[in-house]
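Chemist: What follows is a structure written as structure tokens; I'll ask about it next.
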Amino acid sequence: MSAAVDTNASYLTATRGWKSWAYTLDHKRIGMMYLFGILGALLLGGAFALLVRMELWSPGQTIAGKDAYNKFFTLHGAVMVFLVIIPGLPAALGNMILPIQLGAPDVAFPKLNLTSFYLWVIGALLLLVAVFTGGLDTGWTFYTPYSLQSQTAVIPAVLGAFVLGFSSIFTGLNFLVTIHKFRPKAMGWFQMPLNLWALYSTALMQVLATPVLGITLLLLFVERFMHIGIFDPNLGGDPVLFQHFFWFYSHPAVYIMIVPAMGVISEITTTFSRKPIFGYRFIAYSSIALALFSFLVWGHHMFVSGQSKLANMVFSALTFSVGIPSAIKVFNWVSTLYKGDIRLQTPMLYALSFLIMFTIGGLTGIFLAILSIDVQLHDTYFVVAHFHYVMMGSTLVAFVAALHYWWPKVTGKMYPERPAQVAAVGVFIGFNLTFLPQFVMGSRGMPRRYWDYDPEFQIFHRLSTVGAFLLGLSLFGVVCYLMWSLKYGTKAPQNPWGGTTLEWDAPTPPTVFNFPEPPEIHELYNYDDLEELPEGGWVRKPSTGAKSSSGH
Amino acid sequence: MSQPSHDDHHDDHGHQSRFIQHHYDDAQHQFDSGKLGIWFFLVQEILFFSALFVAYILYRHHHPEIYAYAHHYLDVKWGAINTAVLIVSSLSAAWAVRCAQLAQRRGLIACLVITIVCALGFLGIKTVEYSHKVHEHILWGKYFDPCVASAGNHLLNKGNNCPGVKTSVVWDGKAGKAKSGCLEGDYDQRPAEPGIQGKCEVVEVVGANRRPIEACEEAPGKSGGHGKPAKFPCYELALNPHVCPAGPAAMVLYGDHGHHGGAIEVKCEAVPAPAAPADAFADPTHAPSTGERTFAQQKPKSKHELAHEFASGPPPEHTNMFFSIYFAMTGLHGIHVLVGVFVFIWLLWRAIRGDFTPDYFGPVDYAALYWHLVDLIWIFLFPLLYLIH
Chain D
1 MSAAVDTNAS YLTATRGWKS WAYTLDHKRI GMMYLFGILG ALLLGGAFAL LVRMELWSPG
61 QTIAGKDAYN KFFTLHGAVM VFLVIIPGLP AALGNMILPI QLGAPDVAFP KLNLTSFYLW
121 VIGALLLLVA VFTGGLDTGW TFYTPYSLQS QTAVIPAVLG AFVLGFSSIF TGLNFLVTIH
181 KFRPKAMGWF QMPLNLWALY STALMQVLAT PVLGITLLLL FVERFMHIGI FDPNLGGDPV
241 LFQHFFWFYS HPAVYIMIVP AMGVISEITT TFSRKPIFGY RFIAYSSIAL ALFSFLVWGH
301 HMFVSGQSKL ANMVFSALTF SVGIPSAIKV FNWVSTLYKG DIRLQTPMLY ALSFLIMFTI
361 GGLTGIFLAI LSIDVQLHDT YFVVAHFHYV MMGSTLVAFV AALHYWWPKV TGKMYPERPA
421 QVAAVGVFIG FNLTFLPQFV MGSRGMPRRY WDYDPEFQIF HRLSTVGAFL LGLSLFGVVC
481 YLMWSLKYGT KAPQNPWGGT TLEWDAPTPP TVFNFPEPPE IHELYNYDDL EELPEGGWVR
541 KPSTGAKSSS GH
Chain Z
553 MSQPSHDDHH DDHGHQSRFI QHHYDDAQHQ FDSGKLGIWF FLVQEILFFS ALFVAYILYR
613 HHHPEIYAYA HHYLDVKWGA INTAVLIVSS LSAAWAVRCA QLAQRRGLIA CLVITIVCAL
673 GFLGIKTVEY SHKVHEHILW GKYFDPCVAS AGNHLLNKGN NCPGVKTSVV WDGKAGKAKS
733 GCLEGDYDQR PAEPGIQGKC EVVEVVGANR RPIEACEEAP GKSGGHGKPA KFPCYELALN
793 PHVCPAGPAA MVLYGDHGHH GGAIEVKCEA VPAPAAPADA FADPTHAPST GERTFAQQKP
853 KSKHELAHEF ASGPPPEHTN MFFSIYFAMT GLHGIHVLVG VFVFIWLLWR AIRGDFTPDY
913 FGPVDYAALY WHLVDLIWIF LFPLLYLIH
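What follows is the structure, encoded as structure tokens:
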């Protein structure tokens, strides 16, 4: 490749050929490759979800037997958790946006960033190997001792999750150093966009929690491979120890999913309300608080696993405390909406859906933190509905919101607004139709992970299946019109939504090093500085002076 | 490989090392970023090891007897030498950083070579230790079976230990060996298993088929000295009067695992009492009720004798877990040492090429930090595994 690259050209067209993508160190291109990989994985995980829902259309066998059903829900969980929602916001969209929001030319370690991406690819391939060599039927949690005995492809799946863990760790490490070392002098910690606070908390959890999953999966791998016995009761080991190790990672992992979603929602809520965010510092601190609490609550997954009463009570109390930072955020978002000039464009529709569904998901989490109630609801559809409201109704919806919010910036093309609004409503209705009935049947005793059920649950299962197909159809529509817009979309203005963070001061699409000149730092979330153009998009009013030396 | 535009910017920093990447402000910015990155990486490493330390603490808390018993089978001498080797390598790694800062290229190369040699030495010693364990079948989990000779014969069938109820010994005079039976008294701490109560088989002594053992003999000098047995003792009930003329006794079999055609060394000892093995010999009241014909000794014992007896009591149940944890911890640590070797060889190659300048020595610094952590983890592992009291 020659050295004659115009660094002031769009990052998409500055160099050409597949090698210019495969070897790229540009965070935006890496993010874009992640995005396409993740959308592919989303379709795969979604297909497994629809297979699960089809099997549950009627009691007894519908489309496949119980063994196939076990594989469907396991692969749905494993693909969605490890390939889609954990890397979705940080690795794909965070990668593209984080350096630009900092006004930096790239992440701190571009080669490490590319390494993370290829680790993701290797992990994804290993999971695919598992899918095509006998599937996996342990549940995405790989609980011992069953995962030591299962005849399915546990070894490639565990290795895949292990490799994906390191992809996640290196991304987190990269983001932490980038935020520490690449913040412009004029941007103090409290002049950072809230999205960066969220990504910072997320990265902290990625670096601190994921290694524990790494060693746990490594031990499980060695256990399968060499019978080391640490988790095998037959050899004197302790299978519950696996659960502790697993949830020591996987509870923070839930926050790795939700906290960046909260960052996105903070940005979108304020931008589309044309109002400064309410309670900036509280939202920022509550992201850090969530990162800290996330490490102290893993035991609530083991209330019925023979944990001591004392441990149960402590974990229950700590779990309640998670409600505090979560509620702080919700109240601040609602206060931001209050008396705002609300624009119901697609990202905002998803953000409002998030507010409703996260509230439901969060409150039902409080129910489950109550020991006496959890004993009843443990391993029922109530739990399934609860965590889908958080993981899917909140995280994935925020991912789709972010996708629409930043799509014009990173592709240079507008998506078609009307179909997008229709799809957003479809996602909202489809999602709630899928999971609200699951709360009801869970509270009536429908156990999770069962392929068969009593006829009295049929109406709820059918509603759920219809909702799932509506949801799947809507999301498939989203993928379709986004791909369509890459070729046929109208050219995006530099600042289509009137955002105040730095990425809207960068060219659309950004140049190779994001900004031709180091950007000026403006006051964050001050919408008075901007005026709307009649042809679409927003510009800064000429009179507003830049605040390059101090924040607000 | 790298994005072509990176090269354009080198002219801007003509006075700096060519390894300063374009997106950093200057050399200091790159160095500081790398340093923060490596610190986060080390935090990650600590958490990676943490689960193993937690497992260690948990199992030790639940089964202190396993740790007290099994650590005798680790050789403190080799562990101590390895500790010293790693500390020297840490010193040379730190010295290498200083040399790089001061642009002392030859000093840097020498320090890196010392570090690599020490790291390889550590791995060599670890290989010696491991191969010894492999030879003795003192391995992890399922493969912990020191009582199996290489030929596959059982010196001691662990499933056949008498649960501790009184039954008569059935002696097959024709074959010249015991058919079945248990001794009175708790031979083993194992709780009685309903299925085999009172009917446990006595296992045939390996080698007896080939070379019948005619008499008990003490096996002097086989204890490895300093109270640390060189071989893992496998217990067998010696019921055959031809084997142990003094009467029923636990016979310690030191399998040599195939070196001499499956032959074994035999040493008769009184049947250990159920309590902690350390007390078994010290307290004659715990000796089996077959009374006067046991080997319970009355005379005071030396410290070394006691230590040996402590170690040579019957292995507690799930002794394998100690070795699972030993191999998991030292194995993961060994992989880190191996990675360090490759990193230092890479640095050596770059140092010979003259890449490092006072402006650009980050990789040496980061590798040294990594190496100190690897060293530090060993400094925890050594006492936790080898020096248990």
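Chains D and Z supply the protein sequences, listed in that same order.
Residues in the first sequence are numbered from 1 upward in steps of one, following our numbering.
Residues in the second sequence are numbered from 553 upward in steps of one, following our numbering.
In this text, a Cβ means the ideal position worked out from N, Cα and C, and glycines have one as well.
Every value quoted in this text rests on a predicted model; they were computed, and no experiment measured them.
Determine the burial state of D:V304: buried for a count of at least 16 other Cβ atoms within 10 Å of its Cβ, exposed for fewer.
Modeler: That one is exposed.
Chemist: Which class does D:N8 belong to by DSSP, given the choice of helix, strand or coil?
Modeler: Correct three-state label for D:N8: coil.
Chemist: What separation, rounded to the nearest whole angstrom, lies between the Cα atoms of Z:Q656 and Z:F605?
Modeler: Straight-line Cα distance between these residues: approximately 40 Å.
Chemist: I'd like to know whether the C-beta of Z:Q596 is nearer than 8 Å to at least one C-beta of chain D.
Modeler: So, interface residue.
Chemist: Tell me which residues share the same chain as Z:A828 and place their Cβ nearer than 6 Å to its Cβ, disregarding the 5 neighbours each side in the sequence.
Modeler: Its pLDDT being 35, under 50, Z:A828 is placed unreliably by the model, and the measurement read from it follows with that caveat. No residues qualify anywhere along the chain.
Chemist: With a floor of 4 residues, list each alpha helix (DSSP H) that falls wholly inside the region 84 to 137 of chain D, ordered by position along the chain.
Modeler: If we require 4 residues or more, the alpha helix (DSSP H) runs fully inside the region 84 to 137 of chain D come out as 95 to 102, 110 to 132.
Chemist: Kindly list, in the order they appear in chain Z, the residues whose Cβ is closer than 8 Å to that of D:H227.
Modeler: Neighbours of D:H227 on chain Z, chain order: W692, G693, K694, Y695.
Chemist: Report the CB separation of Z:Y922 from Z:I661 in whole angstroms; it is logged as a contact under 8 Å.
Modeler: Wrong, their Cβ atoms sit about 19 Å apart, outside the cutoff.
Chemist: Alpha carbon to alpha carbon, how far is Z:G693 from D:G236? Give it in angstroms, no decimals.
Modeler: The alpha-carbon atoms of D:G236 and Z:G693 are separated by roughly 8 Å.
Chemist: Apart from the five residues just before and just after D:G467, which ones in its own chain have a Cβ nearer than 6 Å to its Cβ?
Modeler: Result list for D:G467: G430, L433, T434, in chain order.
Chemist: Leaving out the 5 sequence neighbours to the left and right, which residues in its chain are closer than 7 Å to D:E503 when beta-carbon positions are compared?
Modeler: Once the five neighbours on either side are set aside, the close Cβ partners of D:E503 are I97, I100, Q101, K409.
Chemist: Determine the chain D residues that contact Z:V610 at a beta-carbon separation under 8 Å, and present them in chain order.
Modeler: Looking at the sequence shown, residue 610 of chain Z is not Val but Leu. Those are D238, L241, listed as they occur along chain D.
Chemist: Using a C-beta cutoff of 8 Å, does D:L208 count as contacting chain Z?
Modeler: Interface residue, yes.
Chemist: Are there 16 or more other CB atoms within 10 angstroms of the CB of D:Y488, so buried, or fewer, so exposed?
Modeler: By the 10 Å Cβ count, D:Y488 comes out exposed.
Chemist: Can you pull out the residues from the region 617 to 637 of chain Z whose beta carbon lies closer than 8 Å to at least one beta carbon of chain D?
Modeler: Result list empty, no residue passes.
Chemist: Am I right that D:Y350 and D:A385 are in contact with their C-beta atoms under 8 Å? What's the rounded C-beta distance?
Modeler: Between D:A385 and D:Y350 the Cβ distance is about 20 Å, and since that is not below 8 Å, they are no contact.
Chemist: For chain D, find out if any of its Cβ atoms is closer than 8 Å to the Cβ of Z:S683; answer yes or no.
Modeler: Taking Cβ atoms only, chain D never reaches closer than 8 Å to Z:S683, which makes this a no.
Chemist: Please work out which residues of its chain come closer than 8 Å, Cβ to Cβ, to D:V121, disregarding the five sequence neighbours upstream and downstream, and give them in chain order.
Modeler: Excluding sequence neighbours, D:V121 sits near G37.
Chemist: Measure the C-alpha to C-alpha separation of D:L119 and D:A47 and round it to an integer number of angstroms.
Modeler: The alpha-carbon atoms of D:L119 and D:A47 are separated by roughly 24 Å.
Chemist: Kindly list, in the order they appear in chain C, the residues whose Cβ is closer than 7 Å to that of Z:A607.
Modeler: Judged by its chain identifiers, the structure shown contains no chain C, and its protein chains are D and Z.
Chemist: Could you tell me how far apart the beta carbons of D:Y381 and D:G361 are, in whole angstroms, since I believe they sit closer than 8 Å?
Modeler: Contact doesn't hold; Cβ gap of about 14 Å is too wide.
Chemist: If you draw a straight line from the C-alpha of Z:F934 to the C-alpha of Z:F674, how long is it?
Modeler: Approximately 13 Å between the Cα atoms of the pair.
Chemist: Check each residue of the region 423 to 444 of chain D: if its Cβ is closer than 8 Å to any Cβ of chain Z, include it; give the result in chain order.
Modeler: Hits within the stretch: zero.
Chemist: Going straight from the alpha carbon of Z:D577 to that of D:F513, what length do you get?
Modeler: Their Cα atoms are separated by approximately 13 Å.
Chemist: Considering just the uninterrupted stretch of the beta strand (DSSP E) at Z:W930, what are its terminal residues?
Modeler: Per DSSP, Z:W930 belongs to no beta strand (DSSP E); it is in the alpha helix (DSSP H), 914 to 933.
Chemist: Quick check: the Cα distance between Z:A790 and Z:D627, rounded to an integer number of angstroms?
Modeler: Note that Z:A790 scores 45 on pLDDT, short of 50, meaning its location in the model is unreliable and no value can be drawn from it.
Chemist: Using a Cβ cut-off of 8 Å (strictly closer), state whether Z:H856 contacts chain D.
Modeler: Reliability fails at Z:H856, whose pLDDT of 48 lies under 50, so the model's placement of it is uncertain and no value is given.
Chemist: Anything in the region 174 to 207 of chain D with a Cβ closer than 7 Å to a Cβ of chain Z? List those residues in chain order, please.
Modeler: Listed in sequence order: L176, V177, H180, K181, V207.
Chemist: Once DSSP output is grouped into helix, strand and coil, what is the label at D:E531?
Modeler: Looking at D:E531 - three-state DSSP - the assignment turns out to be strand.
Chemist: Going by the DSSP bridge assignment, what does D:N514 pair with across the sheet?
Modeler: DSSP output for D:N514 lists D:T511 as bridge partner(s).
Chemist: Going along chain Z, which residues have a C-beta under 8 Å from D:T216?
Modeler: Here the neighbours are A603.
Chemist: Does the beta-carbon of D:K553 have 16 or more other beta-carbons within 10 angstroms, so that it is buried, or is it exposed?
Modeler: Because chain D in this structure spans residues 1 to 552, residue 553 of chain D falls outside the shown range and cannot be described.
Chemist: Does any CB atom of chain D fall closer than 8 Å to the CB of Z:S876?
Modeler: Cβ-Cβ to chain D under 8 Å: yes for Z:S876.
Chemist: Per DSSP, D:G447 is paired with what?
Modeler: Reading off the sequence, residue 447 of chain D comes out as Pro, not Gly. D:P447 is bridged to D:T380.
Chemist: So D:P211 contacts chain Z; which residues on that side make the cut at Cβ distance below 9 Å?
Modeler: The answer, in chain order, is V595, Q596, E597, I598, L599, F600, F601, S602, A603.
Chemist: Does the Cβ of D:S554 have 16 or more other Cβ atoms within 10 Å, making it buried, or fewer, making it exposed?
Modeler: Nothing about residue 554 of chain D can be reported from this structure: the residues present for chain D run from 1 to 552 only.
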